[in-house]
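Trainee: Residue numbers (this note's numbering): 69 to 494.
Backbone N, C-alpha and C fix where the C-beta goes; we use that ideal spot for every residue, glycine too.
Owing to the predicted nature of the structure, the values given are computational and were not obtained by experimental measurement.
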């Protein structure tokens with residue numbers, strides 16, 4: 069009994085570690101709760117194993133372990149189920165490989181009569197898989213943040229993996245076809261399975277790359293527009309001076325004041341962002357200010373630091389600010405007139421650079437606040453919003469050792485980004 073429980077514990081633990089490795093999540097800081105979960109999980113599964121059909125037992129294993137992992141790892145339930153599915157799938161592949169080895173190598177087959185030799189050999193193969201995946205840094209980019217999001221891709225992946233796992237299980241074990249397999253057919257089966265997993269990963273990576281390219285194109289357009297505006301104003305400056313001189317010489321002082329005010333109003337867009345060291349970043353802020361004005365949204369910039377030593381690359385800075393501002397514009401676009409404004413602050417203290425974007429929000433948005441950084445999450449139902457913006461911001465900020473979080477006061481939300489001085493890309 070003790071050996072059976074210990075074997076179940078090892079099997080459950082390795083399934084979890086390998087499965088989460090395949091979705092790019094390291095559990096090294098959660099090993100104690102993972103071990104406890106694996107131990108109690110092995111006891112529960114041992115109790116129901118003899119009373120349930122094989123397929124039902126496998127389903128119960130996936131659901132039970134996946135559900136518990138949601139709380140232990142603080143990740144969403146879909147990610148937990150996919151991790152367990154992948155772990156079980158690789159365990160079945162390991163058992164196929166192990167059986168072929170027993171079949172081809174008689175001296176190994178004779179050892180299988182000893183307690184735990186067969187399951188331990190399967191786990192050794194699983195550990196080899198884990199080491200290879202870790203060394204190659206290979207994983208499927210699955211959204212893992214906690215709480216529900218509205219991205220259908222992850223649900224499709226989950227359904228596909230369920231189907232793949234049960235087809236594999238039923239063919240190899242339920243219908244006892246394993247003895248009919250040769251080494252060659254087993255290798256082909258493993259290659260097909262790995263190829264399907266690669267296709268899933270390829271699809272997810274391409275989707276992320278496509279989104280990144282579309283955002284970069286938008287940023288290039290914004291920067292080009294800003295440079296054109298600056299050149300135009302520089303070219304017109306001498307004409308404004310000459311016109312003003314002529315009015316003053318003619319004694320038209322009131323007209324001169326009106327003319328100066330009109331010129332100042334025209335260039336106020338640029339003056340708001342002049343402290344920014346990078347023209348590219350200034351161009352982005354200018355572009356979104358103009359976009360907001362066209363929608364009847366007032367945008368106020370407070371530039372307390374020029375970001376000349378900001379650790380992020382220029383295009384990363386634009387992604388952070390651009391996504392936060394665009395998110396705010398979409399949030400206030402349908403609100404009443406007195407709430408259609410956005411405040412943005414750029415400042416620094418002794419430890420951090422601090423970026424803040426504040427805006428009013430619709431009633432009910434706060435209820436979904438814990439899901440707001442999930443990939444695919446959006447509160448919009450009738451826009452092109454892909455629900456990726458805040459996820460991209462969070463990813464960049466975390467790469468530099470920073471963090472982002474929302475503050476909600478009544479119906480006003482502020483997204484605060486803090487990145488340490490000298491933060492290095494990791």
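Does the region 340-356 come within contact of the region 317-324, defined as at least 3 CB pairs closer than 8 angstroms?
Mentor: The region 340-356 vs the region 317-324: no contact.
Trainee: Distance, Cα to Cα, residue 476 vs residue 422?
Mentor: Looking at the two C-alpha atoms, the distance is approximately 17 angstroms.
Trainee: Out of curiosity, what's the CA-to-CA distance linking residue 89 and residue 110?
Mentor: Distance between the alpha carbons of residue 89 and residue 110 is about 21 angstroms.
Trainee: My guess is that residue 388 and residue 461 are in contact by the Cβ rule of under 8 angstroms, so how many angstroms apart are they, rounded?
Mentor: Contact holds; Cβ gap of about 5 angstroms.
Trainee: With a cut-off of 8 angstroms on the beta carbons, I'd call residue 165 and residue 193 a contact; round off their distance for me.
Mentor: Going by Cβ atoms, the distance from residue 165 to residue 193 rounds to 6 angstroms, so yes, they are a contact pair.
Trainee: Grouping DSSP H, G and I as helix and E and B as strand, with all else coil, what is residue 426?
Mentor: Residue 426 falls in the strand class under three-state DSSP.
Trainee: Pairing CB atoms from the region 365-383 with CB atoms from the region 399-418, are three or more of them under 8 angstroms?
Mentor: Result yes; three or more Cβ-Cβ pairs closer than 8 angstroms.
Trainee: Are the beta-carbon atoms of residue 394 and residue 483 separated by less than 7 angstroms?
Mentor: No, the Cβ-Cβ distance between residue 394 and residue 483 is not below 7 angstroms.
Trainee: Less than 6 angstroms between C-beta atoms, sequence neighbours within five positions excluded: which residues of the same chain meet that for residue 478?
Mentor: Correct list: empty, nothing qualifies.
Trainee: Note the first and the last residue of the continuous alpha helix (DSSP H) segment covering residue 475.
Mentor: No alpha helix (DSSP H) contains residue 475, which is instead part of the beta strand (DSSP E) from 471-477.
Trainee: Would you report the Cα separation of residue 380 and residue 345, rounded to the nearest angstrom?
Mentor: Distance between the alpha carbons of residue 380 and residue 345 is about 13 angstroms.
Trainee: By the DSSP assignment, the alpha helix (DSSP H) with residue 362 in it spans what residues?
Mentor: Note, residue 362: alpha helix (DSSP H), 347-362.
Trainee: State the DSSP-derived secondary structure class of residue 394, mapped to helix, strand or coil.
Mentor: It is helical.
Trainee: Comparing alpha-carbon positions, which option in 325, 108, 358, 73 lies nearest residue 136?
Mentor: The option with the nearest alpha carbon to residue 136 is 108.
Trainee: Pick from 94, 91, 132, 316: whose alpha carbon is nearest that of residue 80?
Mentor: Taking only the C-alpha atoms, the option nearest residue 80 is 132.
Trainee: For residue 75 and residue 99, what's the separation of their Cα atoms in angstroms?
Mentor: Computed Cα separation, rounded: 18 angstroms.
Trainee: From residue 449 to residue 396, what distance separates their C-alpha atoms?
Mentor: Low local confidence applies: a pLDDT of 42 at residue 449 is under 50, so the model's placement there is unreliable, with the coordinate-based value given in what follows. Approximately 16 angstroms between the Cα atoms of the pair.
Trainee: Cutting at 6 angstroms between CB atoms, please list the residues of its own chain near residue 457, excluding the five before and the five after it.
Mentor: Hits under 6 angstroms: 391, 395.
Trainee: Can you give the Cα-Cα distance for residue 189 and residue 480, rounded to whole angstroms?
Mentor: Answer to the nearest angstrom: the Cα atoms are 58 angstroms apart.
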